[in-house]
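Comments concern the structure below.
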Amino acid sequence: MSFPPDKINPSFDLYEKLLLEVLERHIQPENEWEIAAILESFGWTDKRVEQELGLHDVFQLARILWPMTHRNIATAANSYRQQTSYVKRWISVIKRFIRGTFFALPMLIGIASMLFFRFSLWSYEQASVKTATAIAIGTVLSFLTAGGFMQTISRRGFFYLLQGYYRMAGIISLRIVRTSLLFSLAVSFALALFNVLFPILPWHMFVITISFYMALNAIWMAVTSLYLLQQELVFSGLLILGIGFVYIGFHYFRLNILISQLLAIVAISIIGALLVTYFFRRAVARGERGINPSLPKTTVTVYSVAPYFLYGFLYYLLLFMDRLMAWTATGQSLLPLAIWFRGDYEVALDFALIMLVVPMGLMEVSVYRLIVEAIESQQQYTLSMAEELSNIIRRKYLRSLLLMLGVSLISACTDYVVFRFVLAEYIVHSLHEPIFTGYTIKVFLLALIGYTLLSIALMNAILMFSLSRPDGVIRPLLWSIALDALIGFLLSRWFGYPDAVFGLMAGALLFSTLTTINVFRILTNVDYHLYLLS
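Here the sequence shown stands for residues 20 to 553, numbered as in the working numbering.
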């Protein structure tokens with residue numbers, strides 16, 4: 020039998036607190052049995068319940084909490100929590116914005132390093148075009164093969180961290196990192212065999228490509244793991260430290276710049292791995308309590324993360340497709356190699372990429388706020404009011420969409436003004452060449468438009484991932500890559516390699532359009548998706 024909570028020895032506030040903890044795990048428990056299971060996942064055993072609450076077992080505690088989910092006391096407690104945590108919620112929003120922008124910080128650090136020191140961790144102003152081509156191929160390969168593993172670490176890692184299972188998050192992250200490094204090693208051997216059978220690159224270039232490919236793959240794994248642990252400042256500091264290592268090796272020890280860069284990348288990868296191990300162990304020691312479940316079978320994990328792995332690969336393929344079209348376009352004269360780095364094209368794209376910094380922070384906040392508001396709205400509507408709820412959520416999404424578009428346009432305009440006029444003379448003085456010529460300005464402008472459209476698509480992707488609907492992202496991404504490749508290939512061959520940027524713009528436009536349509540379709544049944552989310 021159950022007892023009224025105010026007749027039990029402990030204070031009523033304790034049961035309110037327990038109820039709120041249960042509702043944070045599942046906002047609408049189905050019955051008292053589900054509440055008992057959630058309590059056990061928190062570490063409440065029959066012995067603990069008897070010692071601390073004076074009850075017989077966990078099931079009696081669940082029977083006490085179950086009626087409270089239908090009483091006004093639960094709503095009042097939630098309202099009280101919302102009122103008292105108003106400041107904390109805004110602090111959380113600010114933190115999320117900063118966290119989103121920090122994810123773009125490596126790009127800013129690299130560009131700033133090139134402007135001030137004329138080198139970064141994986142580029143050098145005075146490098147020959149052959150060396151730049153070898154490094155560029157290795158860099159692109161590292162993103163393409165590591166992108167899927169980066170998404171997998173984030174997906175599975177956050178899945179366990181949000182439940183407080185730090186040990187499981189650490190184990191799965193380590194397994195994914197190990198698999199990524201083994202995979203990159205296998206890709207290196209496969210590429211070496213391919214280069215033997217079909218000589219694409221001279222072997223001195225191939226060694227540079229594979230060296231940077233392997234080293235950068237390791238650093239992406241370390242950066243992703245630190246991001247998972249919310250240590251954005253740490254991985255940004257590591258990149259700055261790496262640039263410092265390059266500076267010391269190149270200027271003080273007179274090492275070759277490539278050797279200095281590779282040693283620096285390896286060094287900060289090792290430091291990053293040690294820091295990740297330390298942070299995971301500290302998190303386990305501080306946070307994990309209660310049951311200690313085992314990881315699911317590998318086949319189950321692979322099946323569940325496969326769409327996100329595919330997205331990680333396809334996203335970077337879309338991002339680099341126009342570059343690949345530009346680097347392989349012959350023009351009026353034959354290229355020395357099948358693929359040839361275009362420095363002026365790359366500089367224009369790199370400067371345009373900076374406009375994504377602010378939108379990336381905003382999209383994380385927007386999606387978080389939208390999901391929270393949707394869950395709060397769901398509690399105020401019955402099943403018969405599902406259509407009205409969907410209309411409200413769609414309007415909220417449309418406001419977020421327009422806000423993202425407006426902020427992205429302002430960011431793009433600011434980016435153009437800063438690099439085209441404010442820093443133009445300094446850039447020319449630093450790089451010793453006029454980079455903003457006729458066609459590079461065109462590439463710069465069109466890339467800004469493309470990345471503005473891409474910011475819309477990325478917000479849609481994050482929202483659909485939050486609702487566990489990766490299918491709404493993968494299909495549009497496939498079509499967008501195909502359009503990017505088609506337009507980039509044709510225009511770069513007909514008119515010249517700078518026109519490959521039209522492929523980027525077209526692909527981003529299609530990606531943003533299709534994902535926006537899919538989001539509106541999904542939000543038509545938002546009550547169903549919120550139920551699954553809860």
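Virtual Cβ for every residue (Gly too), placed ideally from N, Cα, C.
Quantities reported herein were computed from a predicted structural model and do not represent experimental measurements.
Would residue i pass as a contact of residue j if the rule is Cβ separation under 8 Å?
i, j, result
"V163", "F440", "What sits at residue 163 in the sequence shown is Leu, not Val. No."
"V462", "L381", "no"
"F168", "S199", "yes"
"M240", "V196", "yes"
"I54", "L84", "yes"
"R488", "I541", "yes"
"T152", "M224", "yes"
"G526", "L510", "no"
"G469", "M524", "yes"
"R491", "M344", "This sequence places Gly at residue 491; Arg is not what is there. No, the Cβ-Cβ distance between G491 and M344 is not below 8 Å."
"I156", "I475", "no"
"D434", "L467", "yes"
"L127", "I287", "no"
"I238", "G189", "no"
"R413", "F539", "yes"
"G261", "I284", "yes"
"S192", "I219", "no"
"L496", "Y330", "yes"
Between residue i and residue j, what straight-line distance do the alpha-carbon atoms span, to the nearest angstrom?
i, j, result
"R301", "R175", "19 Å"
"Y179", "M187", "6 Å"
"Y516", "L472", "22 Å"
"L124", "L140", "14 Å"
"V41", "S313", "22 Å"
"A480", "G119", "15 Å"
"V253", "F530", "33 Å"
"S147", "I276", "12 Å"
"F202", "K415", "42 Å"
"I229", "L235", "10 Å"
"R82", "L257", "51 Å"
"F264", "Q170", "29 Å"
"S7", "I57", "No answer is possible for residue 7: the residues shown for the chain start at 20 and end at 553."
"W222", "H270", "28 Å"
"T532", "R194", "36 Å"
"L505", "G522", "7 Å"
"Y143", "I267", "15 Å"
"I259", "F339", "25 Å"
"V545", "L408", "8 Å"
"V366", "N537", "34 Å"
"R67", "L39", "19 Å"
"T535", "L424", "12 Å"
"G129", "F360", "18 Å"
According to DSSP, what are the bridge partners of residue i?
i, result
"F138", "Y143"
Check each candidate in the options and name the one with the smallest Cα separation from residue i.
i, options, result
"L293", "V206, A153 and S244", "S244"
"W33", "L486, A205 and L80", "A quick correction: the sequence has Leu, not Trp, at residue 33. Minimum Cα distance to L33 is reached at L80."
"R2", "E53, R418, S430 and E251", "Any property of residue 2 remains undetermined from this structure, which presents the chain solely from 20 to 553."
"S485", "L336, W346, A466 and S385", "S385"
"Q249", "N50, F298 and L134", "F298"
"F231", "G362, I154 and Q182", "I154"
"D518", "A348, I190, Q280 and L212", "A348"
"S427", "L375, L389 and E392", "L375"
"K36", "W52, F61 and N50", "F61"
"E51", "T64, V77 and Y334", "V77"
"F208", "R137, S192 and V226", "V226"
"Y335", "I493, K149, D65 and L72", "I493"
"S111", "L422, R388, V437 and G189", "R388"
"L417", "S430, L482 and A371", "L482"
"T150", "P326, P355, L216 and Y185", "P355"
"I572", "F370, D363, E406 and S419", "In the structure as shown, the chain begins at 20 and stops at 553. Residue 572 is therefore absent and cannot be evaluated."
"M87", "W109, P48, F121 and L72", "P48"
"A205", "L181, S173, I191 and A165", "A165"
"I429", "E406, F121, A371 and E383", "A371"
Taking all protein chains shown into account, decide if residue i is buried (16 or more other Cβ within 10 angstroms of its Cβ) or exposed.
i, result
"L477", "buried"
"P582", "No answer is possible for residue 582: it lies beyond the span of the chain, which begins at 20 and ends at 553."
"L337", "buried"
"I113", "exposed"
"T103", "Unreliable placement is indicated for T103, whose pLDDT of 44 sits below 50; the coordinate value is still reported in the next sentence. Exposed, because fewer than 16 other Cβ atoms sit within 10 Å of the Cβ of T103."
"Y322", "exposed"
"V520", "buried"
"L247", "buried"
"V159", "buried"
"F217", "exposed"
"Q280", "buried"
"V319", "exposed"
"F328", "buried"
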